[in-house]
Structure formats: structure tokens, C-alpha cells
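Everything below concerns the one structure shown next.
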Amino acid sequence: MRSSFAGKNIVVGVTGSIAAFKVAGWVSTLAKEEAQVSVIMTRSAREFIAPLTFAALSGNPVHGEMFDPVRAERMDHIALGRDADLVLVAPATADTIARLAGGLADDLLTTTVLAARAPVVVCPAMNSRMYLHPATQDNIGRLKKFGYQVLTPAAGMMACREEGPGRLPEWEDVQEILLRAVTEQDLVGERVLITAGPTREHLDPARFLSNRSSGKMGYALARTAFRRGAEVHLVSGPVALPCPAGVRRVSIQTAREMHAAVSQLADAASVIVKAAAVADFRPAVEEREKVKKDRAGLSLELSRNPDILHELGQTKKEGQILVGFAAESSNLEAEGRKKLATKNLDLIAVNNICSDSTGFECDTNQILLIDREREVLLPMTGKEQTADMIWDRVVELRRQRQEMSGGGR
Ligand code: C5P
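Right under this line is the structure:
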């Protein structure tokens, strides 16, 4: 599976902070994912880490000086910025941030940023007092006004043995921001609501009924929607997955809690994707005390949970696109078509839960994607790629609707 970074020209500007060594790891990852990485190091960055490290990891010569008599004809200060798909300044010191905010062009990095047409992402890393100083905060405000994306540094113990904000953010968070910057923004303006994971229906304080959903498909949908420019809310049952960067997550346990959270967010959503495996039933009584062996009966009385998706289908707003999932063990097509109609959906993703490589828990999936016009069996692939193919269809449905209504959402 090809990474979204493959083939992209990424300029990484490294400045003089101890966190430069962490960025060496980022460059290595980007190069392994087949990005063309050009590293520019400021003079002080070269005091912290040898250019040879970045040259070896990126597979390209490292750029340092503005005036290179040997390669003068290449005009690096213009060419690097002009050819970039993305410029990442990491770690960005208070000094570099100040020079970028002032529009200075006194070294190769600042000149390249000025000449760039591509998105610019800045990752500040410095002592907390330097970071919190009004001068730095003002400068960061200016960078944001220029349209640069400035990440909030992480808080914690720093190399200077002081605690506070100023640490370079973790790669997992930065990676998502960079992926968004190099991905076509075809979901901009969409307010997406996704549900994911299982629900837990409590019997007593120790026990619950649940199912095998891992949440991986719903989380992949949330990550990819954010990358494609959507504003994303995720209502999630208990799963072992971190909240994707840029996504707002509401954590719930029971189907009724999911119902309440979804009802609050549904009105404002332009697309709703219900990837959660919601329990259809709950124990009729939730005991306050743990049920003892000798008190327990042999049968459990159940009550029906609300069918959230069915309700959303009944109250669907104009223009809203409603996507359901169906976990089936047989008759995939017939079951999918039935749910598309009865739940008043625009699209349904049907998967086979009786295979080891689709459905619950695994990292791959194969989906039968059905809407009112088309039925497509997607290829067996990773859940992120599957998510992207579902979004492709959502984008098409949106375009068709806009054409039919003569533009406007
Ligand atoms: O009817 P069935 O449970 O197979 O439909 C699956 C779809 O309905 C999924 O999208 C699931 O998230 C949603 N669902 C729901 N509320 C329920 C049960 C299922 O929203 N109580």
C-alpha cells in the first residue's frame, strides 16, 4: 500500500534546537514512505547534529548556505520553495519563528519559506518561558495570519530540566497534519459525524454485554476525513485506539449514551457515517450491586435499544448524506439493499464478518458498497484505503446532488 507521502517533494527546515535529533527520525520515516525529502539546516542546527545524518537518512544532499559557488546555477533559495509540495520547519526555534514573522530572508531557510507556494507547517520547540513570551506568541500569531500552520508544542520535562510547554510534538500528531497538507481537500466544508466501536450494555458493576468491534474502521474513516479537509466529530464506544489528530471525540459506553451524543451532533452534520457496532439489546435491569452466583437466574431478560441509524433516516435533513454499515454473515447484497431502503440511507457498506480478513478486529477489509444507483465490490485492502474509497463515493454523491440542485450545498 503506497503512502500518501510517496512522490511528494517535502522541504524540511531544521533549526538550532536539541529536538533536531527527533526530526532525524521523521526524515527517515518520510524517506522510507518514498517522499523526496530536501533538508535545509540553519547554521545553529549544524551545531546540534551533523548534516551527514540528514543526508544519509533523506538520501539527498543537505542544503545549508545561500551562496553556493559550486551549485550557484540551481538557485536553491528559489528552486527549493518553488518545487515543494510541503515545507515543514521543525524544530522551529524562537529565533527562526521571529525571522519568519518579520519576513526576513537572511538565510536559505527563511528565503525558501518566503519563496514557497506550498503549505508551510511550523513545529515550535524551545524552553517554556521563551515559548510563552509575548514576543514569541505575537510572532506565532503572525505566522498563522500568513496561513502557516503552527502546531502547539507538547508539555513536559525539557532538555533544560524545566517543565512546561515547548517540547516538539509527537510524530503521530505531526504526521496527520502533514498528510492533510499534501492531500486533496475534497471534503472541505463537510461536517462529518462518525460513530465507531462497540457499545457496552451493563448487567451489574462488573459485567456487560458487548461485541468484537475494534473501532478500526470508524477510526480510519475519521482520520481520512480529517485529512481530506472535513471537520470531524467521532462518537466512540470503548476501544484501545488513540483519538486521531484533529478529530473531536466523544466517548460513550452504552447504546443509549451513543444515541444521546449522536442526537446532539446530528443536526449540524452534513455527512453521518454509522460504523459503530451498536448493541441491539441491553439487560432489562442494570443491577446496582454485583449479582451473586446463588442469586442469578439462568435466563437474562433483555430490552431493545433504540436503532439510532433508523431514527436518523427518519429525521434526515435536506442535503444530509447518511451512510450505514452492515455486518453480515450471509446474503450480503440482499441484506445491504434491505437496510439501505428501510433505514432510508444514501450509502451502505456491507462487510462479511465470517472471514478472517474482513470485518471485526482485523486491519484489512472488503466492502460491498451499495447506493441507490450503484453496487461496487471494493478490493480487499487496508481499512484506511477502504475508508478513502467510501469517501470517494460520498464526494461523488455530493457532486451529483449539487449538479441536480444547480450548485450550493
Ligand atoms: O440493523 P443493523 O444493526 O444490522 O444495522 C447496522 C447499522 O445500523 C450500522 O450502521 C449501525 O451503526 C447502525 N445501528 C444503530 N443503532 C442500533 C443498531 C445498529 O445505529 N441500535
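Residue numbering for the sequence shown follows my numbering, starting at 1 and increasing by one per position.
Even glycine gets a Cβ: it sits at the ideal position worked out from N, Cα and C.
Counting only the Cα atoms, Lys274 lies some 5 Å from Gly324.
Contact between the segment 185 to 204 and the segment 156 to 169 is absent, with fewer than three C-beta pairs closer than 8 Å. Taking the Cβ of Val278 as the reference point, at least one heavy atom of the ligand C5P falls within a distance shorter than 7 Å.
Assigned with DSSP and collapsed to three states, His77 falls in helix.
Counting along the chain, Phe325 sits inside the beta strand (DSSP E) bounded by residues Ile321 to Glu328. Distance from the C-beta of Ile308 to the nearest heavy atom of the ligand C5P is below 7 Å.
For the pair of segments examined, the segment 171 to 184 was found not to touch the segment 251 to 261: the number of CB pairs separated by less than 8 Å stays below three.
With respect to the C-alpha of Asp95, the residue from Leu80, Ala84, Thr42 and Leu86 having the closest C-alpha is Thr42.
Our two residues, Gln253 and Lys144, have alpha carbons roughly 38 Å apart in a direct line.
Counting along the chain, the unbroken beta strand (DSSP E) around Arg249 starts and ends at Arg248 to Ser251. In the assembly as shown, Gly156 is an exposed residue. Its beta-carbon has fewer than 16 other beta-carbons within 10 Å. Beta-bridge pairing by DSSP links Leu100 to no other residue.
Residue range Leu347 to Asn352 is occupied by the beta strand (DSSP E) that includes Ile348, with no alpha helix (DSSP H) assigned at that position. Counting only runs of at least 3 residues, the segment 150 to 217 fully encloses the following beta strand (DSSP E) elements, listed from N- to C-terminal order: 154 to 157, 163 to 167 and 191 to 196.
Counting C-beta atoms within 10 angstroms of its own C-beta, Gly13 has 16 or more neighbours from the protein chains shown and is therefore classed as buried.
Listed in chain order, the beta strand (DSSP E) runs fully inside the segment 342 to 398 are 347 to 352, 367 to 371 and 375 to 377, counting runs of at least 3 residues. Here the C-alpha atom of Ser270 lies approximately 46 Å from the C-alpha atom of Ala45. The shortest C-alpha to C-alpha distance from Leu265 to any of Pro153, Gln320, Thr224 and Ser214 is the one to Gln320. If you check the CB distance, Glu328 and Glu318 do not come in under 8 Å. Ranked by how close their Cα comes to the Cα of Leu332, the residues Leu369, Thr315, Asp307 and Gln137 have Leu369 in first place. Relative to the ligand C5P, the beta carbon of Lys339 is positioned inside 7 Å of a heavy atom.
In the structure shown, Val121 falls within a strand segment according to DSSP collapsed to helix, strand and coil. Annotation for Pro51: no beta strand (DSSP E) segment contains it, though the alpha helix (DSSP H) segment containing it runs Pro51 to Ser58. In this structure Val232 touches Val192 by the C-beta definition: roughly 5 Å separates them, less than 8 Å. Look at Thr195: its beta carbon is less than 7 Å from one of the heavy atoms in the ligand C5P. Ranked by Cα distance from Ala277, the first of Thr136, Pro283, Asn305 and Met404 is Asn305.
Counting only runs of 3+ residues, the beta strand (DSSP E) found wholly inside the segment 242 to 291 occupies 248 to 251, 271 to 274 and 281 to 283, in chain order. Take the alpha-carbon of Ala154 and the one of Tyr219: they are about 23 Å apart. Assigned with DSSP and collapsed to three states, Ile40 falls in strand. Between Arg200 and Gly237, the beta carbon gap of about 7 Å places them in contact (Cβ cut-off 8 Å). For Phe325, the Cβ falls inside the 7 Å cut-off from some heavy atom of the ligand C5P.
Going by C-alpha positions, Arg180 is about 20 Å away from Leu241.
Following the DSSP letters along the chain, one finds Gly13 inside the beta strand (DSSP E) bounded by residues Asn9 to Val14.
Distances from the CB of Ala115 to the heavy atoms of the ligand C5P are all 7 Å or more. Annotation for Pro91: the continuous beta strand (DSSP E) segment containing it runs Leu86 to Ala92. For the set Arg167, Ser330, Val37 and Ser299, the Cα lying nearest the Cα of Asn127 is the one of Arg167.
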